[in-house]
Each structure stands twice: as C-alpha cells, then as structure tokens.
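Okay, so here's the structure we're looking at.
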Amino acid sequence: MEAVDNMVVSLARDAMLQLDAGTAMRFELANAEVLTNIVKHALRGGDENAVVDIVVTSSERGVVFEAYDPEGVLPFDPRDNQIDLNKVDFNSESGRGIGILLECADEIDYGEVNGRNRLSNCFWNPELQKDTDE
Numbered sequence: 001m002e003a004v005d006n007m008v009v010s011l012a013r014d015a016m017l018q019l020d021a022g023t024a025m026r027f028e029l030a031n032a033e034v035l036t037n038i039v040k041h042a043l044r045g046g047d048e049n050a051v052v053d054i055v056v057t058s059s060e061r062g063v064v065f066e067a068y069d070p071e072g073v074l075p076f077d078p079r080d081n082q083i084d085l086n087k088v089d090f091n092s093e094s095g096r097g098i099g100i101l102l103e104c105a106d107e108i109d110y111g112e113v114n115g116r117n118r119l120s121n122c123f124w125n126p127e128l129q130k131d132t133d134e
C-alpha cells in the first residue's frame, strides 16, 4: 500500500498545477480510495504482477484520472454500489471508499474499454465550472 500512497501523492502534486487546493485534495482523497480498492479487491487472489494502468489527463477545464483494471477482473461500477455516508461507521476500517469517491469527484464514468474495466473520475477547475453553471 505504500506504493499506492506514494503514487497518489505524486499525482496530486501534479494535479495542483491545474486545480485549486481544495479540488486537488478531493482528487487525492478519491483516487487514493480507487487505487486502494483496486489493490484490495480487483487483485485479490489474482496475479500479483497484474497490470493496472493509470492515465491522468489535464486541460484548462480540469484533471481526469482513469484507472484500468487488469484484464479478466469482474466489472464493478461504483455508481451501482452507492453508500449513504451518513450510515457509515467512520471508526470502521472499510466501507467508506465508494462514498468518498462519489462525493469527491465532479463526474464519474465506468465501463469497458478495449476489454478492460475503466473508471474515470473528473475534477473540474471550480473557476471555469462557475462559467458553465450559469
């Protein structure tokens, strides 16, 4: 898990070049949950050398984080497994990840891309978002 933490901190540092501090913090928190869940669940009982691809794309609008599960992993769309954070035991070691992801990301997309499950989380620049909301 230390490798996950180091990767997320590095990605969040890069995201701060494009996002304000609050949005970069949401980016870091959400994607720490994503990568931790992939390691804990998608790789469980499988090949320890399985490849998880991460693609981060930034633009003036914001930052998009994409995680591709290893081939052969069963689909798991977090939007279909929403958890009410008001009903979560925050002292528990697990159970909050999906709720945190759904609260932190501005947009989420999930589906198969080239035979692999892809989760895409978008974090938009709040200043530009104000222009599109009006």
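Take the sequence shown: its letters are residues 1 to 134, numbered as in the UniProt record's numbering. All C-beta atoms in this analysis are idealised placements derived from N, C-alpha and C, irrespective of residue type, glycine included.
In terms of Cβ geometry, residue 52 and residue 27 do not form a close pair [threshold 8 angstroms].
For residue 59, no alpha helix (DSSP H) run applies, since DSSP gives it neither H nor E.
For residue 99, the uninterrupted alpha helix (DSSP H) run begins and ends at 97-104, by DSSP.
In the three-state reduction of the DSSP assignment, residue 66 falls in the strand class. Less than 8 angstroms divides the Cβ of residue 11 from the Cβ of residue 31.
By DSSP's assignment, residue 111 forms a beta bridge with 118. Shown here, residue 14 sits in a helix according to DSSP, grouped into three states. Non-local beta-carbon contacts of residue 68 in its own chain, meaning distances under 6 angstroms to residues more than five positions away in sequence, involve 53, 116 and 118 in chain order.
Collapsing the DSSP output to three states places residue 20 in coil. Non-local beta-carbon contacts of residue 65 in its own chain, meaning distances under 6 angstroms to residues more than five positions away in sequence, involve 31, 56 and 121 in chain order. According to DSSP, residue 54 shares a beta bridge with 67.
Under the three-state reduction of DSSP output, residue 27 falls in the helix class.
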